[in-house]
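1 is the number of the first residue of the sequence shown in UniProt numbering; add one for each residue after it. Here the structure is laid out as structure tokens; the discussion comes afterwards.
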Amino acid sequence: MSELAYTPINEIEKIHAELRAGFRSGKLRPIEYRKYQLLQLIYLIKDNAERFEEALKSDLGRPPLESRFLEINAAISEAYVAYKGVGTWAKPEKPPFSLNFAPMRPVMYKTPKGVVLIISPFNYPLWLAVTPLAGALAAGNAVLLKPSESTPATSSLLAELVPKYLDPSLVRVANGAIPETTKILELPWDHIFYTGGGRVGRIVATAAAKHLTPVSLELGGKSPVIIDPKCDLKTAAKRILWGKVVNSGQTCVAPDYVLVPRAFQDTFVQALKETYESFYPESAKAPGAYSRIVTPQAFNRVKSLLDNTKGEVVFGGETDAETKYIAPTVIKNVAADDSLMSEEVFGPLLPIVPVEDVDEAIKFVNERDHPLALYVFSQDAAFKAKVFENTQSGACVANEVVIHPGADGLPFGGVGASGTGAHTGKFGFDTFTHLRASLDSPSWIDMLLKFRYPPYNADKLKTTTMFLPSVPARPTGPPAASVTSKWWGKWFLFALVAAIAGGLTNRAKIVGGATRASG
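Next comes the structure, spelled out in structure tokens:
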């Protein structure tokens with residue numbers, strides 16, 4: 001394993017001061033300089049893609065395809081979206097027209113927050129560093145990046161490359177563990193973006209509160225899958241198992257557990273078993289086939305969850321502490337109070353929890369913290385709508401898993417215990433941007449607003465009412481329950497009207513033709 005050089009604690013305050021000076025220099029005010037930094041970020045990854053691939057293999061035992069698809073290529077794409085979009089995103093924005101304030105020329109300026117801190121995790125150490133970094137640079141901020149100490153090869157590579165490609169007065173990397181991170185969190189930042197677990201998330205939020213620093217938290221949680229027995233079973237099994245085994249289950253939006261109707265459990269589990277055999281015809285332990293758990297501590301935690309389960313292991317279950325290997329494992333008949341349900345698995349174990357029906361599944365989800373993602377596999381629009389409308393989660397996804405954080409134009413973020421705030425694309429830019437409200441009021445406005453000045457009197461008080469909006473009449477009671485009409489009902493009505501109109505037109509033509517003929 002690579003040795004990671006930690007940033008000396010006594011240098012951290014100096015780095016913070018240099019970044020503050022870099023921000024105040026105004027270098028990132030011009031959009032062109034922001035684009036220059038973003039393009040440099042793109043080439044930092046492109047020029048060193050093979051080195052990142054090797055680093056990720058060293059840190060996570062990651063197969064090259066997974067690193068390219070989910071991390072290296074995705075990071076390049078994210079930086080490119082910011083490069084292409086920043087010119088539009090950063091333009092001042094006018095609010096909707098208001099007769100009362102239009103003469104004062106209201107506008108919102110998109111201003112950077114200042115010097116921001118990004119703390120990235122071990123599971124996707126490149127993508128989850130580059131994505132918020134691209135948003136922060138696009139917004140015009142100076143950045144301190146604190147990568148994970150659990151991925152020494154990738155974190156060392158970032159520390160080497162960032163000063164070669166990016167302006168060191170604007171972007172720095174600080175490596176270290178608890179003492180270094182504690183020192184970093186003692187300093188005042190203008191925004192903190194943290195990705196990781198809830199326990200450390202609370203520590204970060206507490207430290208930020210001392211300086212009234214705004215915080216974005218991407219925390220994960222137990223993301224459930226709800227199965228409709230009438231789903232496309234083969235596709236569901238393939239996608240769910242892939243979402244669990246990719247990166248050895250160390251993905252914040254990985255399917256954490258599956259809720260399946262009790263009568264359908266064995267059918268679903270058999271489909272997972274067949275899929276597993278097609279994924280790994282020899283063995284998941286074969287070189288280059290499958291990732292490993294990141295650290296011995298993480299290995300022991302996941303193995304303990306497996307050792308203490310009361311569920312029935314259907315396939316998998318093999319472990320090897322020396323190589324931090326835990327086989328893709330499906331466990332059925334898992335109860336709500338099982339060890340596998342006590343915390344986010346964050347490993348390649350897939351508990352199958354039998355329920356009576358979709359209503360029990362929804363109740364099960366709602367009795368727990370809001371997850372970062374909620375997945376449904378169904379071809380029935382009503383089934384999907386019922387789940388989505390009666391639950392809360394960071395994202396709700398039908399017939400797919402894991403890849404939605406990379407979907408163009410969609411935000412990636414949690415709700416409640418799964419996180420606060422959102423990023424990727426313009427949402428990352430918005431996270432690191434302050435919307436600065438502005439007016440430029442002409443002198444003649446005082447002809448309309450002169451009543452605001454003392455001395456006050458009854459006539460001036462009466463004048464204030466002229467600016468009140470005209471509101472609707474007082475309600476007589478709550479609205480009647482709305483009945484959602486079926487889309488096909490509307491189309492049927494439209495088709496019926498069209499047919500009648502067409503019939504009347506044809507009849508008129510026939511009658512008209514007969515009249516002319518008789519004439």
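Using N, Cα and C, we set each Cβ at its ideal position, and we do this for glycine too.
Between the segment 417-432 and the segment 77-84, do three or more beta carbon pairs fall short of 8 Å? yes
Hey, out of TRP189, VAL253 and THR151, whose CA is closest to ALA177's CA? Of the listed residues, the one whose Cα sits closest to ALA177 is THR151.
Whole-Å CB distance - GLY249 paired with PRO92, under 8 Å assumed: Rounded, the Cβ-Cβ distance is 45 Å, inconsistent with contact.
According to DSSP, simplified to helix, strand and coil, what is GLY416? helix
Buried/exposed call for THR515, threshold 16 Cβ in 10 Å: Caution applies to THR515, whose pLDDT of 37 falls short of 50 and renders its modelled position unreliable; the value that the coordinates give is listed next. With fewer than 16 Cβ atoms within 10 Å of its Cβ, THR515 is classed as exposed.
In chain order, which alpha helix (DSSP H) runs of at least 4 residues are fully inside the segment 29-116? 31-47, 49-60, 64-67 and 73-89
Cβ-Cβ distance between THR131 and GLU186 below 8 Å: Their beta carbons are not under 8 Å apart, which means THR131 does not touch GLU186 by this criterion.
Use the C-beta contact count for MET341: other C-beta atoms within 10 angstroms, 16 or more gives buried, fewer gives exposed. buried
Check the DSSP bridge columns for GLU218 and list the partner residues they point to. THR195 and GLY419
Taking ASP440 as the reference, which of ASN141, TYR109, ARG29 and PHE388 has the closest Cα? Selected option, being the one with the closest Cα: TYR109.
Residue range of the beta strand (DSSP E) that includes PHE377: Looking at the DSSP string, the run of the beta strand (DSSP E) that includes PHE377 is 373-377.
For the 8 Å Cβ check, are there 3 or more pairs between the segment 357-366 and the segment 380-393? yes
When you compare each of LEU144, GLU3 and GLN37 to ILE12 by their alpha carbons, which one comes out closest? LEU144
Could you work out which residue in LYS332, THR295 and ASN333 is closest to ALA321 when comparing CA atoms only? THR295
With DSSP collapsed to three states, give me the class of THR151. Taken through DSSP and simplified to helix, strand or coil, THR151 comes out as coil.
Considering only their Cβ atoms, is the gap separating VAL330 from LEU306 smaller than 8 Å? For LEU306 and VAL330, no; Cβs fall outside 8 Å.
Buried or exposed for LEU70, going by 16 or more other Cβ atoms inside 10 Å? It is buried - the Cβ of LEU70 has at least 16 other Cβ atoms within 10 Å.
Do you know offhand how far LEU461's Cα is from SER470's? 18 Å
Limits of the alpha helix (DSSP H) - the one that PRO132 falls within: 127-138
If you run the structure through DSSP and keep just helix, strand and coil, what is ILE293? In the structure shown, ILE293 sits in coil (DSSP, three-state: anything other than H, G, I, E or B).
Apply the 10 Å Cβ neighbour rule to ASP380 and answer buried if 16 or more other Cβ atoms are within range, or exposed otherwise. exposed
Whole angstroms are fine: how far does the CA of GLU32 sit from the CA of LEU117? 23 Å
Am I right that ASN399 and PHE377 are in contact with their C-beta atoms under 8 Å? What's the rounded C-beta distance? 6 Å
Helix, strand or coil: how does DSSP classify ASP228 here? Three-state result, ASP228: coil.
Using the three-state DSSP reduction, which class does SER438 fall into: helix, strand or coil? strand
Looking at ALA385 and the ligand HEM, is the gap between the Cβ and the nearest heavy atom below 7 Å? Among the ligands in the structure shown, none appear at all, so the ligand HEM cannot be discussed.
Which value, in whole angstroms, describes the spacing of the CA atoms of VAL302 and PHE122? 16 Å
Check for me: the alpha helix (DSSP H) holding THR181 runs from which residue to which? Unbroken alpha helix (DSSP H) run through THR181: 178-186.
Would you kindly report the start and end of the unbroken beta strand (DSSP E) that includes THR309? From DSSP, THR309 is part of no beta strand (DSSP E); its letter is neither H nor E.
Between THR7 and ALA129, how many whole angstroms is the CB-CB distance? I'm expecting something under 8 Å. No, THR7 and ALA129 are not in contact; Cβ-Cβ is about 15 Å, not under 8 Å.
Hey, LEU166 and LEU41 are a contact pair by Cβ (cut 8 Å); roughly how many whole angstroms apart? 7 Å
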